[in-house]
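Read through the structure below, which is laid out as structure tokens, and then see the notes.
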Amino acid sequence: MKVVKVTYPLRLTISLLALALSITGVSQQPKAVFIPLDAAQPTLKGFSDTLPPELRSPPDAEAWSFWVKTQDSAIRQRLEKGEEDTLTNLLRWGVTFTDEYQIDREYLSKYGTSTLVNAFAEKRANDLVRALSSPGANEGMQQMRAYLVHRGYSFKTPEDRAKVKRHLLENLAHMRDEFAEFREKLKTADLSEESQLYAQRGISLDSNLWPDYALDRSLGELVKLGMIKPGSVRRIAIIGPGLDFANKEFGNDFYPPQSTQPFAVLDSLIRLGLTDARNFELYTLDISPSVNIHIARTQKNAADGKPYVVQLPWNSEVPFSQEYFTAFENWWQTLGDQIGTPAKPVLVPVKLAQNVHIRAVSIRPDIAKRITPVDMNAVFQHLDGTDADQKFDLIIGTNIFIYYGAFEQSLARANLSAMLKPGGFALSNDMLADKVPTRLLEVHRTNLEVRSDPQIIEHVYCYQREP
């Protein structure tokens, strides 16, 4: 999700997305349309006491159209802050540019008050500026440099580089304060409040495999309960599939940026007998040019017969239970076997080798070429089309709706309902605000205990479109 064009010009974005359509034989681009006033009215009425000031006087269709387009633009601007977070996580966790200690959450909380942590941060910032000055063939580092140049920074002189270093350390302090605020909120937050925790935060693209495992477990439960039938999932949408480079958990920067969720979900669907590998459509719905272009290029390469190789790392240093790790690893060992073949993984840096486990899968071109990117904001937009064959059997959105408040989540819920076939499902690890009745009802909840002391439970919420 990214409106900041740090690497690619608009013409390239448009041409690659157009190419994506021709590759799959799609005759017409699925069109994203803004939610109309009549569809938004239940949400406007339900939140009448807490509406934004511009909406407290009932808007007409023109005023609503202006407001929703303005908000769409504002959301896309939040991607720039998300890019800053990625850069800060690279500073904290990266291993390709420095041999200094990583700045975990405990160290981060002490930044500014501990001379030891301050020294870590200074050394890391110096090393990162040096790497950004000469990024070489490192694609992720190239993107971070391009982002900073887009923001007006330069690497030409010592003074320029000193400004970049100050910027990095200022953002590190900001992240420290932001995390402290989140910790305080979590002490009293209920599930609904947890699912809106990042409503004011920059929108990040980072991803990892934990949500994909939770989705696999949830889909398996739906199959066992007879709620979803074999062969019933042909049209699939993934909202915000992510682009993994330097995430907030461990910031791995030793492999190229990649998008794994569309393939992990598809692998689960095929293994569970819900989807035919020879007859499916999968669309990614995202506002990020970086994500959309990456997937369009993946699709183009697949049309030329090239596989898509994904790295599948996970870190056993996270504070999860052994029972969770055992179940996760059983799933991880077979991940990708329905859609590809084992590949040689990248070499894990020595300092991470004890805790980082990695496999790689080469995804078949006939699979990768069927993944089609669409530029769409799921909060304020949905795909046009009223025919049943234009709607989805399954929509996935993980770590997406947490970036929005209850009002925006209610609009998103209406958009999901508009895109689903009657009886279709939407799965998310964020609870969607339910203050306003919709035709999208929660019908099942998967609860995964990832830790017992203190207890941490991950949830997957399953919503079904009423007939």
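Just so you know, the sequence shown maps onto residues -20 to -1, 1 to 447 in mature numbering (1 follows the signal peptide of the UniProt record, and there is no 0). C-beta atoms are modelled at their ideal positions from N, C-alpha and C, and glycine is treated no differently.
Neighbourhood of residue i by C-beta distance below 7 Å, restricted to the same chain and skipping five residues each side
i           : result
K(-16)      : Here the model assigns K(-16) a pLDDT of 34, short of 50, so the residue's position is not dependable, and the following value carries that caveat. Within the same chain, K(-16) has close Cβ partners P269.
L149        : A101 and A105
P191        : T378, N379 and N409
residue 472 : What the structure shows of the chain is the stretch from -20 to 447, and residue 472 is not part of that stretch, so it cannot be assessed.
Residue i versus residue j - alpha carbon distance
i    : j    : result
K145 : V109 : 6 Å
L407 : T352 : 20 Å
P237 : D317 : 22 Å
W312 : G206 : 25 Å
T321 : E201 : 27 Å
A41  : V13  : 14 Å
F387 : E429 : 29 Å
A194 : T264 : 19 Å
A333 : A340 : 15 Å
A358 : S94  : 43 Å
T168 : A348 : 43 Å
S88  : R163 : Reading off the sequence, residue 88 comes out as Leu, not Ser. The alpha-carbon atoms of L88 and R163 are separated by roughly 13 Å.
V330 : R72  : 18 Å
K280 : T426 : 36 Å
R131 : G116 : 21 Å
K49  : P138 : 42 Å
N395 : R36  : 22 Å
L315 : L252 : 12 Å
E438 : F360 : 27 Å
P210 : D256 : 10 Å
I218 : L96  : 43 Å
F381 : N310 : 29 Å
I208 : I250 : 13 Å
Sheet register partners of residue i (DSSP bridge)
i    : result
N295 : V336
L428 : E438
F405 : L374 and Q444
Q302 : Paired residues: none, contrary to the question.
G62  : None; G62 has no bridge partner.
A12  : L363
E422 : Y443
R215 : E261
S342 : V289 and T321
I351 : L262
D224 : Q238
L400 : F372
Selection from the options that minimises the alpha carbon distance to residue i
i    : options                   : result
L189 : L292, D140 and L407       : L292
I319 : A394, P287, V354 and G385 : P287
A307 : E42, R197 and V13         : R197
I376 : Y443, S37 and R85         : Y443
P434 : R131, F300, R58 and G253  : F300
R419 : W44, A392 and V440        : A392
N379 : E297, V245, L246 and S187 : S187
V423 : R431, M411, N272 and F225 : M411
L262 : L252, V213 and N232       : V213
E63  : S37, P38, D224 and W47    : D224
N69  : P33, L152, D157 and I273  : L152
A244 : P38, K167 and V289        : V289
A126 : T137, E139, P138 and A111 : A111
N272 : G220, A257 and D284       : G220
R344 : D247, D107 and R163       : D247
K90  : A226, Q361 and A160       : A160
R85  : T240, E158 and A117       : E158
D107 : F305, D346 and V75        : V75
L199 : E34, Y383, G385 and D373  : D373
Contacts around residue i, its chain only, beta-carbon distance under 6 Å, and the 5 residues preceding and following it disregarded
i           : result
Y235        : Q291 and V326
P402        : R445 and P447
S390        : T23, A413 and V416
S28         : none
P10         : V354 and L363
V298        : none
I436        : V430
S184        : G62 and D65
V336        : P293, N295 and V328
residue 486 : As displayed, the chain neither begins before -20 nor continues past 447, which places residue 486 out of reach and without an answer.
Residue i beta carbon near the ligand HEM (any heavy atom closer than 7 Å)
i   : result
S45 : The ligand HEM is not among the ligands present in this structure, which contains no ligands whatsoever.
Chain-order list of residues whose beta-carbon lies under 8 Å from that of residue i (same chain, five-residue window excluded)
i    : result
K371 : R215, G365, M399, L400, K401 and G404
G92  : N98, A153 and R156
G120 : L70, F225, A226, D233, P236 and P237
Neighbour flag for residue i against chain C, beta carbons, 8 Å
i    : result
F260 : Going by chain labels, chain C is absent from the structure shown, which holds only one protein chain.
Next on the checklist: Does the stretch 51 to 59 come into contact with the stretch 74 to 86, if we say contact requires no fewer than three beta-carbon pairs (one atom in each stretch) closer than 8 Å?
Outcome noted: no
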